[in-house]
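A quick write-up on the structure given underneath.
Structure, rendered in structure tokens:
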């Protein structure tokens with residue numbers, strides 16, 4: 001087990017080098033940027049805010065927050081109202097408007113992002129009670145979603161479909177991407193090490209970056225639920241694997 005852990009650490013270091021080689025350049029903040037749109041630190045972790053909301057699209061896991069925060073100030077200074085259609089994001093500039101689609105039932109809602117969070121691993125947005133209710137995720141507490149930035153000046157330009165189950169739509173699949181390598185051999189070695197430590201299912205997928213670069217991604221999944229994903233993430237943290245990310249197919 002110890003030998004496998006050492007092998008994992010070495011391979012993951014190689015993976016980080018491959019990922020860093022394709023990291024986007026740092027974008028400087030414009031003078032006069034509001035404090036809540038500047039880089040910040042929470043719990044010892046550094047976060048950078050995107051320069052603009054336009055064009056943003058992301059899939060991942062949503063959570064919601066309600067009574068314990070109702071009436072408290074948001075990051076922008078406004079008062080949180082759990083019955084308004086709002087949300088919190090770690091990276092989107094404030095304020096920002098996004099359409100949130102529950103990929104399991106097709107329900108949609110447009111929310112105003114006016115707060116920071118959720119500072120919980122593996123989540124990309126924290127929704128108000130009202131937004132979570134409209135997406136039918138109050139009971140489960142989480143949902144697999146797609147986020148897409150929208151123009152607040154044209155809220156009726158693309159109305160959401162009726163709140164019914166989308167027939168024939170493929171069910172979303174959850175993965176944890178553990179590493180990405182320029183060479184297939186390193187990816188296969190990491191996949192084998194993960195299997196030897198009891199992780200599974202593990203797969204190696206080919207990714208294309210730009211027109212010329214090919215990466216080999218090691219992914220754990222598909223995972224049956226958000227709880228299963230969180231459990232796998234906790235195990236990886238326990239053996240020193242960091243930097244993995246949630247992916248939804």
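In UniProt numbering, the protein residues as written are 1 to 249.
Where a beta carbon is used, it is the ideal one built from N, C-alpha and C, also for glycine.
- Taking C-beta atoms as the reference points, residue 53 and residue 118 fail to come closer than 7 angstroms.
- Under the three-pair Cβ rule at 8 angstroms, the segment 142 to 153 does not count as touching the segment 198 to 211.
- About 22 angstroms separates the beta carbon of residue 36 from that of residue 99, a gap too long to meet the 8 angstroms contact definition.
- Excluding residues up to 5 positions away in sequence, 181, 204, 216, 218 lie with their Cβ nearer than 6 angstroms to the Cβ of residue 187 in the same chain.
- Considering only 123, 233, 112, 190, the residue with the shortest C-alpha distance to residue 131 is 112.
- The shortest C-alpha to C-alpha distance from residue 81 to any of 88, 125, 175, 70 is the one to 70.
- The shortest CA-to-CA distance from residue 241 to any of 222, 177, 107, 50 is the one to 177.
- Nearest neighbour of residue 38 by Cα position, chosen from 56, 63, 75, turns out to be 75.
- In the structure shown, residue 192 adopts helical secondary structure according to DSSP, grouped into three states.
- When 114, 124, 105 are compared, the shortest CA-CA separation from residue 137 is found for 105.
- A Cβ-Cβ separation of about 4 angstroms places residue 248 in contact with residue 59 under the 8 angstroms criterion.
- Rounded to the nearest angstrom, the gap between the Cα atoms of residue 153 and residue 97 is 10 angstroms.
- Annotation: residue 87 to residue 185 spans about 42 angstroms, alpha carbon to alpha carbon.
- DSSP places residue 143 in the uninterrupted beta strand (DSSP E) bounded by 142 to 149.
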